[in-house]
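Colleague: Residue numbers (our numbering), protein chains in the order written: chain A, 191 to 422; chain B, 195 to 582. We put the CB at the ideal spot given by N, CA and C, even for glycine. Since we're looking at a predicted model, the values are computed, not measured.
(1) Does the separation of the CB atoms of residue 383/B and residue 392/B fall below 8 Å?
(2) Of the residues that make up the stretch 229-242 of chain A, which ones have a beta carbon closer than 7 Å to any beta carbon in chain B?
(3) Is it buried or exposed for residue 234/A, if we count other Cβ within 10 angstroms and need 16 for buried?
(4) Helix, strand or coil: which one does DSSP assign to residue 536/B?
(5) Tell me the DSSP secondary structure of residue 139/B in three-state form.
(6) Assign residue 299/B to one of three DSSP states: helix, strand, or coil.
(7) Give the straight-line distance between the Cα atoms of residue 472/B and residue 278/A, rounded to the nearest whole angstrom.
(8) Tell me, to the nearest whole angstrom, how far the beta carbon of residue 230/B is from that of residue 514/B; I am working on the premise that it is less than 8 Å.
(9) Within 10 Å of its beta-carbon, does residue 564/B have 16 or more other beta-carbons around it, so buried, or fewer, so exposed?
(10) For residue 337/A, count the other beta carbons within 10 Å of its own beta carbon; 16 or more makes it buried, fewer makes it exposed. Which is it?
(11) Hey, residue 442/B and residue 242/B: beta-carbon distance below 8 Å or not?
(12) Less than 8 Å between the C-beta atoms of residue 372/B and residue 341/B, yes or no?
(13) Against residue 360/A, what residues of chain B qualify as contacts under a CB-to-CB distance less than 7 Å, listed in chain order?
(14) Run through the stretch 340-406 of chain A for me and flag every whole beta strand (DSSP E) of 3 or more residues, listed as ranges in chain order.
(15) Would a C-beta distance cut-off of 8 Å place residue 408/B and residue 273/B closer than the cut-off?
(16) Mapping the DSSP letters down to three states, classify residue 293/A as helix, strand or coil.
(17) Under 6 Å Cβ to Cβ from residue 204/A, same chain only, skipping five residues before and after it: list those, please.
(18) Helix, strand or coil for residue 266/A per DSSP?
(19) Could you pull out every residue in the same chain whose Cβ sits closer than 7 Å to the Cβ of residue 249/A, ignoring the five residues on either side in sequence?
(20) So which residues on chain B does residue 307/A lean against when the C-beta distance must stay under 7 Å?
(21) Thinking residue 571/B and residue 483/B are a contact (beta carbons under 8 Å), I'd like their distance in whole angstroms, please.
(22) Hey, is residue 545/B's beta-carbon within less than 8 Å of any beta-carbon in chain A?
(23) How big is the Cα-Cα spacing for residue 255/B and residue 322/B?
(24) Taking the alpha carbon of residue 510/B as the point to measure from, which residue in 203/B, 196/B and 197/B has its own alpha carbon closest?
(25) For chain A, is any of its Cβ atoms less than 8 Å away from the one on residue 481/B?
(26) Alpha carbon to alpha carbon, how far is residue 285/A from residue 239/A?
(27) Taking just the CA atoms, how far does residue 352/A sit from residue 317/A?
(28) Which word fits residue 392/A, buried or exposed, when buried means at least 16 other C-beta atoms lie within 10 angstroms of its C-beta?
(29) Which of the three DSSP states, helix, strand or coil, is assigned to residue 542/B?
(30) Can you list, in chain order, the residues of its chain with a C-beta nearer than 6 Å to that of residue 151/B? Leave out the 5 residues immediately preceding and following it.
(31) Using a Cβ-Cβ cut-off of 8 Å, state whether residue 210/A counts as contacting chain B.
(32) Per DSSP, what kind of secondary structure is residue 486/B in: helix, strand or coil?
(33) Helix, strand or coil: which one does DSSP assign to residue 194/A?
(34) From what residue to what residue does the beta strand (DSSP E) around residue 220/A run?
(35) Enumerate in chain order the residues of its own chain whose CB-to-CB distance from residue 331/B is below 8 Å, with the five nearest sequence positions on each side excluded.
(36) Determine which residues of the stretch 265-277 of chain A have a Cβ less than 9 Å from any Cβ of chain B, and write them out in chain order.
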């Protein structure tokens, strides 16, 4: 169910008439059809829907990983639907923190080196990079795991490292694709509590794709997608 | 925008079995290439170091080596008397020498090989102050005795101190001394008394070459003009250094071209190996690369990152090959010198330039072998990060 947007709050994400088509075997497949969506700054919202409903595609468009076939996407006052690949990469590095289902940490880098990775794209000096990465790891409760490699961490800890990597650049938007999909209940709860804290205490805007109703319950707002459209 | 080097180094280490296999392939190429270059350098140094800048060698016009040349005794006296030739007291510093090739049985291998024999007088030692007897003594004038160069010692039947060999059928000569000459080609020769050699080979009345020490290296041009302007002589003069340089040219070039060709064909295989390793590595790291792209790393950063990884891999192989080739420094290698048709013993001579060339070649292999896989990596969509 799509909940009405609070019009009094500042809108961070504004989507109008977004359509996404894919050509598959000579046929055009419509994945998203004329979507409109507003997401307020500082909210924690979930996208739900059956497999193939288009929720990850929508998340990819909002995160600047892909471009829409038509329609407009405005994030923090900036149109990203017309940006070229290079500009989008730069925009992502400054505005978006990513949290993936499978954590996507570099297995050959330690926790703190993984967290430092996005800072390499900024003009921050090496010593400052390390300091910020350590702070981010402290925020997610992993001060004692900084030199551990991903293989030495539990799934929940890996996901917390990934969250530290997402917040280290202080992005306006955090996108999470099934962040609890690979975790046990307890670890999933810990991660969701952390996301909730980031939203409430640090004012981060979080958009999360999930299959898990318990995860969606932690969000302040849930959007349901089916066959490329929001379900009324 | 540069992805840290430790990411590449550790990624190579994680895949250490394939990394090692590829690096060994590259090491083999570098080993072959640098060994060939070291041998070529060894040939150049061995043949080249026999020459001195202030010594001129006079041969019959049209001869490219002493073996083909003949100079009559009266002409020897004329050459030695020419202006510019240094005088040691009343005697001009010059030496008429005879060079022949004889076949001797190899030791430790089957078959026979050619050995250069030089017929010398006392003057030969005056002209070559670096020649030193390291065992035994000099051959006595007029005696059926010989000295062998240190590189030949013990390599052919009869060529060791106290042994004897047949200079000509039924003309045994005893080895009474062993000499060295600072690593020059003379160390691969047998020296006997000139008159003994001439009488054995029926060469009385002529020599193969005349060497003279000049007043200074600058006197050479005037000396040559004098020798070559006298048409009755029919002789030509060369600086000894130039003569030996020319002697080494063919053999040295042959070795370096052959070695480089072998290394080139090997390198194609090694490059394909490196390419496969990088392709496999990139295929296994699609999500990692996609994640880097999602985080904002540009295509160029990714391309550079994987090129660096390929270069690190090939440099590791190159360094291994270069170190292995250094071990060849202690190996001696004998082969026929095309100019003298006699066996010369060479060493593999490592030089900093050769090691640098080897490493540059291995780097080039990394760049060439890693380029296409790196392009593939750079083309990875950031959406690959989202795929499970």
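Modeller: Result, derived from the coordinates:
(1) no
(2) none
(3) buried
(4) Here residue 536/B sits in strand by DSSP.
(5) Outside the shown range of chain B, which is 195 to 582, sits residue 139/B, and nothing can be said about it.
(6) strand
(7) For residue 472/B and residue 278/A, the distance between alpha carbons rounds to 28 Å.
(8) That belief does not hold up - the Cβ atoms of residue 230/B and residue 514/B are roughly 17 Å apart, past 8 Å.
(9) Residue 564/B is buried by the Cβ-count criterion.
(10) exposed
(11) yes
(12) Contact: yes.
(13) Ordered by position in chain B, no residue passes the 7 Å Cβ test against residue 360/A, which lies about 14 Å from the chain.
(14) 363-367 and 395-399
(15) no
(16) coil
(17) So the qualifying residues of the chain are 228 and 264.
(18) coil
(19) 237, 365, 367, 397 and 399
(20) 489
(21) 5 Å
(22) The beta-carbon of residue 545/B is placed no less than 8 Å from the nearest beta-carbon of chain A.
(23) In this structure, the straight-line span from the alpha carbon of residue 255/B to that of residue 322/B is close to 24 Å.
(24) 203/B
(25) yes
(26) 26 Å
(27) 21 Å
(28) exposed
(29) coil
(30) As displayed, chain B neither begins before 195 nor continues past 582, which places residue 151/B out of reach and without an answer.
(31) By this cut-off, residue 210/A is not an interface position.
(32) Three-state DSSP puts residue 486/B in a helix.
(33) For residue 194/A, the predicted structure reports a pLDDT of 42, less than 50, and the residue's modelled location is therefore unreliable. A value from the coordinates is still provided. Residue 194/A: coil per DSSP, three-state reduction.
(34) 217-230
(35) 370 and 371
(36) 275 and 276
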